[in-house]
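Residue numbers (our numbering): 75 to 180.
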Amino acid sequence: MTTWTPVGKVNDFAIGTAKAFELEGEAVCLIRNSNGFHAVADACTHGAVSLSEGTVTDEGIECFLHGSEFNLETGEPKTPPATTAIEVFKVQVEGDGDNAVVSVGI
Ligand code: FES
Numbered sequence: 075m076t077t078w079t080p081v082g083k084v085n086d087f088a089i090g091t092a093k094a095f096e097l098e099g100e101a102v103c104l105i106r107n108s109n110g111f112h113a114v115a116d117a118c119t120h121g122a123v124s125l126s127e128g129t130v131t132d133e134g135i136e137c138f139l140h141g142s143e144f145n146l147e148t149g150e151p152k153t154p155p156a157t158t159a160i161e162v163f164k165v166q167v168e169g170d171g172d173n174a175v176v177s178v179g180i
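The structure is reproduced here in structure tokens:
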């Protein structure tokens, strides 16, 4: 069963940024890019560093250490050296506009 945890309002997160959360015992990286909100495990599968410190792109997040970019829909690495997918979590936005509430499902 999915547990939904509110993490903030839409206007708390600028487009092109990532933020780390600890939710239900999981390290989660919440990302807002031009396509909306995404949540993935906050650990690169190559070196276990925090992906929330990486670079947000229109299609993924790029690890700051060796540059692997991960697909935010599937979790699959798009570029080496990582070869294993990161876990992807659900995100829902309830309400209207900048004050809508963003929640992550674990
Ligand atoms: S630690 Fe992330 S690509 Fe190497």
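Think of the CB as a built atom: it goes at the ideal place given N, C-alpha and C, for glycine as much as any other residue. For clarity, every value in this text was computed on a predicted model and none was experimentally measured.
- Item | Reference A92, options K83, E98 and V102, closest by Cα | Indexing the sequence shown from 1 puts residue 92 at position 18. Nearest of K83, E98 and V102 to A92, Cα basis: V102.
- Residue span of the beta strand (DSSP E) that contains I135, given as start and end: Position 61 of the sequence shown holds residue 135. Here the beta strand (DSSP E) through I135 covers G134 to E136.
- Query: To the nearest whole angstrom, what separates the beta carbons of I135 and G128, a pair I think is in contact under 8 Å?
  - Reply: Reading the sequence shown from its first residue, position 61 is the one you call residue 135. Reading the sequence shown from its first residue, position 54 is the one you call residue 128. Contact holds; Cβ gap of about 5 Å.
- Query: Just to confirm, does A101 get its C-beta within under 6 Å of one of the non-hydrogen atoms of the ligand FES?
  - Reply: By one-based count along the sequence shown, residue 101 stands at place 27. Outside the cutoff, so no.
- Output yes or no for whether 7 Å exceeds the beta carbon distance between V114 and V165. By one-based count along the sequence shown, residue 114 stands at place 40. By one-based count along the sequence shown, residue 165 stands at place 91. No, the Cβ-Cβ distance between V114 and V165 is not below 7 Å.
- Query: What three-state label does DSSP hand G110 in the structure shown?
  - Reply: Mapped onto the sequence shown, residue 110 falls at position 36. Strand at G110.
- DSSP-derived helix/strand/coil call for L139: Position 65 of the sequence shown, counting from 1, holds the residue named residue 139. Coil, per DSSP.
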